[in-house]
Amino acid sequence: MTAVAVAVFVAAALIPILPTVLRAYDVGGVTRRHRAATLLDGVTAGTMIVLAGTTAIIATTTGPARGAGSVVATCAAMAAAVGGGGFVVRLVLRAGGVSPHHPSREKTDTSRQPDDDAAQSGPLRGGRVIGYLERATVAATLLAGWPEGLAVILAVKSLARFPELRAPHASEQFIMGTFASVLWAASMSGVCYLVIH
Numbered sequence: 021m022t023a024v025a026v027a028v029f030v031a032a033a034l035i036p037i038l039p040t041v042l043r044a045y046d047v048g049g050v051t052r053r054h055r056a057a058t059l060l061d062g063v064t065a066g067t068m069i070v071l072a073g074t075t076a077i078i079a080t081t082t083g084p085a086r087g088a089g090s091v092v093a094t095c096a097a098m099a100a101a102v103g104g105g106g107f108v109v110r111l112v113l114r115a116g117g118v119s120p121h122h123p124s125r126e127k128t129d130t131s132r133q134p135d136d137d138a139a140q141s142g143p144l145r146g147g148r149v150i151g152y153l154e155r156a157t158v159a160a161t162l163l164a165g166w167p168e169g170l171a172v173i174l175a176v177k178s179l180a181r182f183p184e185l186r187a188p189h190a191s192e193q194f195i196m197g198t199f200a201s202v203l204w205a206a207s208m209s210g211v212c213y214l215v216i217h
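Every number in my numbering is 20 more than the matching position in the sequence shown, counting from 1.
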């Protein structure tokens, strides 16, 4: 039964691949429209939550995963934390009234100059990559049994972002995005803890 919990957790970790493939082979830009993108994010996040919840329920009724099962569960937790968090963050930002997309991406004007990217990049540039790194380090510190690392991660992120937080809506985007990202990574680490302990 422990193998079932690990398998379901691996399935949860692999779910973010599907929307990436759908967006990569999107003909006509259907998945890039806001409603379709929101629906895709919601379905992806919901599926991951159901699979992770199922894993947690199975894990509480079985023994701990040992050996390769423990390693696979830890890798699945890292993959689910990093890969799935972006969908949750975008949903939280939309629910909070903050667009997770830059205004420059919504335009279809192809006559922009290369210098326009710097001027129109908006607040909190690099958020996607920073989010990946944040979720990876949060999951790694929790899985390593060092929860104090969360304070270090959040302090470094806050200090690095401090100059940008004066821009309109930047502080709301920062707080909502960070909380959603950290809570997602912590929840995936918690599911892994249930599987391996």
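Built from N, CA and C at the ideal position, the CB exists for glycine as well. Small disclaimer: the values here were computed from a predicted structure and weren't measured.
Residues in the same chain with beta-carbon distance under 7 Å from residue i, minus the five sequence neighbours each way, listed in chain order, please.
| i | result |
| --- | --- |
| residue 83 | 22 |
| residue 91 | none |
Just the Cα atoms here: how many angstroms apart are residue i and residue j?
| i | j | result |
| --- | --- | --- |
| residue 117 | residue 205 | 23 Å |
| residue 103 | residue 33 | 7 Å |
| residue 42 | residue 89 | 30 Å |
| residue 203 | residue 163 | 14 Å |
| residue 74 | residue 109 | 22 Å |
| residue 96 | residue 150 | 20 Å |
| residue 67 | residue 189 | 30 Å |
| residue 86 | residue 170 | 27 Å |
| residue 27 | residue 181 | 38 Å |
Please classify residue i as buried or exposed, where buried requires at least 16 neighbouring CB atoms within 10 angstroms.
| i | result |
| --- | --- |
| residue 154 | buried |
| residue 35 | buried |
| residue 146 | exposed |
| residue 37 | exposed |
| residue 173 | buried |
Give the single residue among the options whose Cα lies nearest to the Cα of residue i.
| i | options | result |
| --- | --- | --- |
| residue 193 | 174, 114, 72 and 86 | 114 |
| residue 157 | 185, 101 and 187 | 101 |
| residue 58 | 99, 85 and 106 | 106 |
| residue 56 | 99, 111, 170 and 81 | 111 |
| residue 210 | 46, 66 and 94 | 94 |
| residue 31 | 98, 53, 81 and 217 | 98 |
| residue 200 | 175, 216, 166 and 65 | 65 |
Would you mind giving the Cβ-Cβ distance between residue i and residue j, rounded to the nearest angstrom? I have them listed as a contact below 8 Å.
| i | j | result |
| --- | --- | --- |
| residue 221 | residue 69 | Given a span of 21 to 217 for the chain in the structure shown, any question on residue 221 remains unanswerable. |
| residue 39 | residue 71 | So it is not a contact: roughly 15 Å between Cβ atoms. |
| residue 185 | residue 76 | With a Cβ gap of about 35 Å, residue 185 and residue 76 do not count as contacting. |
| residue 177 | residue 161 | With a Cβ gap of about 13 Å, residue 177 and residue 161 do not count as contacting. |
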